[in-house]
Amino acid sequence: MIDKDKKRDFERHVTSFDLDASEVENLGAAAKAGEAGAALRAAAAISHVAFVNPEACMAILDALTKGWFGASSRVPATPPAQAEALARLGEAERPGNAFWESFWSFVGNSDGPTSGDEVTARVASLGKHLPESFTALSEAAAIVHPGSAHAETRPMPPRLTLETLGRQPQGSLGSDIYRLIVDNSFNLEVLDREAIGLAHLPPALRYLNTRILQMHDVWHLMGGYRTTVLQEVGISSFQLAQFGHNYSAMLIATAAAAAHFNSPEAFALVMQIIAEGWQHGRTTPPFMAIDWESEWHRPIAEIRTHYGIEPFASIYPADLVEQLREAV
84 MIDKDKKRDF ERHVTSFDLD ASEVENLGAA AKAGEAGAAL RAAAAISHVA FVNPEACMAI
144 LDALTKGWFG ASSRVPATPP AQAEALARLG EAERPGNAFW ESFWSFVGNS DGPTSGDEVT
204 ARVASLGKHL PESFTALSEA AAIVHPGSAH AETRPMPPRL TLETLGRQPQ GSLGSDIYRL
264 IVDNSFNLEV LDREAIGLAH LPPALRYLNT RILQMHDVWH LMGGYRTTVL QEVGISSFQL
324 AQFGHNYSAM LIATAAAAAH FNSPEAFALV MQIIAEGWQH GRTTPPFMAI DWESEWHRPI
384 AEIRTHYGIE PFASIYPADL VEQLREAV
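Residues in the sequence shown are numbered consecutively from 84, following our numbering.
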């Protein structure tokens with residue numbers, strides 16, 4: 084059970100966040116060094132972009148990651164359109180009590196959800212409690228994001244089919260995706276686009292959310308992310324860096340907050356994975372701009388070489404959480 088005063092303190096840091104880029108970078112360094120209070124403020128910074136101000140996402144995560152990695156950071160300069168969002172932090176509408184009740188119901192459950200599907204559902208449900216203005220802010224952020232590939236002008240992509248994937252040569256991306264889906268009983272597009280109401284979103288968000296549902300498992304393989312607890316957090320941070328994916332922001336925000344409040348000793352681990360995934364996303368060519376359907380027949384290594392894609396690398400074993408659970 085998380086103390087009520089600690090909850091209110093976190094909410095205050097989320098809603099009143101007003102640091103500039105250099106201050107956020109210093110915060111990242113302080114969190115890495117384990118300074119008192121820095122983990123809470125770093126987790127609050129991530130929650131701010133996830134639930135309050137998506138337009139400031141790149142500026143804040145760039146700076147936080149640069150501070151975390153210090154001199155070894157490879158995060159590029161934040162583009163002007165995203166950097167300028169830090170000057171408008173006070174303009175976004177703040178979430179109300181219904182949101183925070185839902186947030187703490189999820190984050191405060193130290194036992195955690197029982198399955199990946201439950202995590203997806205619980206994280207996605209947080210968006211239902213955000214102000215109506217949040218959608219407009221997210222659409223504006225998506226349109227100017229350098230990785231969104233003019234999503235607002237793109238038609239809805241046709242559905243993928245197992246028949247098409249199953250016809251691809253052995254050892255190809257399409258064949259590997261086919262085996263991943265079939266062997267693990269995964270859903271081909273993660274969630275049904277119609278069932279979750281993507282048609283009601285504005286154009287850029289409609290396309291981006293539909294496309295990532297289709298391509299999440301493709302991005303796993305192409306980006307070199309395994310389907311483990313840690314690397315699902317990593318690929319979420321990668322997706323957020325790539326095109327400003329709101330769901331991914333919410334997932335890493337809840338992961339950081341849950342670690343801070345429920346397992347403080349694990350916060351550095353979670354933040355390291357978030358920083359690694361973010362840096363990887365910011366230094367990888369935009370996946371949204373790639374016509375993956377035209378690449379089904381080619382091996383993953385060949386596609387990576389063609390586009391200049393480096394697979395994800397972490398200082399931690401991909402299955403570290405699973406190993407620790409088995410050891411208990």
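Don't be surprised by glycine CBs; every beta carbon is placed ideally from N, CA and C.
The alpha helix (DSSP H) enclosing residue i, as first and last residue numbers
{"i": "E246", "result": "245-249"}
{"i": "I318", "result": "312-326"}
{"i": "V411", "result": "Neither: V411 is in no alpha helix (DSSP H) and is coded neither H nor E."}
{"i": "M141", "result": "140-152"}
{"i": "P286", "result": "286-306"}
{"i": "K87", "result": "87-98"}
{"i": "M84", "result": "No alpha helix (DSSP H) holds M84; DSSP gives it neither H nor E."}
{"i": "I392", "result": "Where I392 is concerned, there is no enclosing alpha helix (DSSP H), given that its DSSP letter is neither H nor E."}
{"i": "I398", "result": "Per DSSP, I398 belongs to no alpha helix (DSSP H) and is neither H nor E."}
{"i": "W187", "result": "180-190"}
Contact with chain C by residue i, beta-carbon distance below 7 Å
{"i": "F182", "result": "The structure shown has no chain C; it contains just one protein chain."}
Residue i Cβ short of 6 Å to the ligand ADP heavy atom set
{"i": "L284", "result": "Ligands are entirely absent from the displayed structure, and the ligand ADP is therefore not among its contents."}
Backbone CA spacing between residue i and residue j [nearest angstrom]
{"i": "L403", "j": "M305", "result": "21 Å"}
{"i": "A396", "j": "F326", "result": "20 Å"}
{"i": "A139", "j": "Q165", "result": "6 Å"}
{"i": "T98", "j": "T367", "result": "31 Å"}
{"i": "I226", "j": "E118", "result": "37 Å"}
{"i": "D86", "j": "E184", "result": "14 Å"}
Pick from the options that is closest to residue i, judged by C-alpha positions
{"i": "E222", "options": "A139, L284, N109, K90", "result": "L284"}
{"i": "F370", "options": "P229, A224, T203, E405", "result": "P229"}
{"i": "F350", "options": "H363, K211, Q362, I335", "result": "I335"}
{"i": "P252", "options": "S188, W183, E201, P382", "result": "P382"}
{"i": "G153", "options": "N109, M298, H212, H96", "result": "N109"}
{"i": "E167", "options": "G150, S185, D103", "result": "D103"}
{"i": "P159", "options": "R365, L172, I356", "result": "R365"}
{"i": "F182", "options": "S188, E174, H212", "result": "H212"}
{"i": "K115", "options": "E385, V353, V411", "result": "V353"}
{"i": "R91", "options": "L147, F186, L172", "result": "F186"}
{"i": "F93", "options": "V411, P137, R237, V190", "result": "V190"}
{"i": "Q297", "options": "E272, A113, P162, R171", "result": "E272"}
{"i": "G111", "options": "R387, Q355, Y390", "result": "Q355"}
Query - Touch test, the segment 324-342 against the segment 121-134, Cβ-Cβ under 8 Å, three pairs minimum - result: yes
Query raised in the report: Does the segment 372-379 come close enough to the segment 312-327 to have 3 or more Cβ pairs within less than 8 Å?
Result: no
Query raised in the report: If you pair each beta-carbon of the segment 164-183 with each one of the segment 263-270, do three or more pairs fall below 8 Å?
Result: no
Report task. Evaluate the contact criterion for the segment 104-123 versus the segment 339-356: three or more CB pairs, one atom per stretch, below 8 Å. Result -> yes
Query - the segment 241-250 touching the segment 201-220, judged by at least three CB pairs closer than 8 Å - result: no
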